[in-house]
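Under this note's numbering, the first residue of the sequence shown is numbered 37, with each subsequent residue one higher. Backbone N, C-alpha and C define an ideal beta-carbon position, used for all residues, glycine too.
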Amino acid sequence: MKQSIIQYIQSCLPCQQYNISRTKKPGRLQPIPPPEGPFQLIGMDYCGPF
37 MKQSIIQYIQ SCLPCQQYNI SRTKKPGRLQ PIPPPEGPFQ LIGMDYCGPF
């Protein structure tokens with residue numbers, strides 16, 4: 037369904053001007069070091085560096 041919507045928007049000039057894609061492009065994952073012990077917590081930053 038998403039692909040058919042994208043094709044429709046690409047074929048319609050007013051749709052191209054006013055219906056922009058609002059999703060971010062996927063970025064690269066930042067590796068985190070594994071925990072050193074069996075019961076240590078891992079923190080994840082979902083916002084990324086600012």
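Annotated three-state conformation of residue 76 is coil, per DSSP. Our two residues, residue 53 and residue 64, have alpha carbons roughly 29 Å apart in a direct line. Here residue 38 carries a helix assignment [DSSP, helix/strand/coil]. In the DSSP annotation of this structure, residue 83 is not part of any alpha helix (DSSP H), being labelled neither H nor E.
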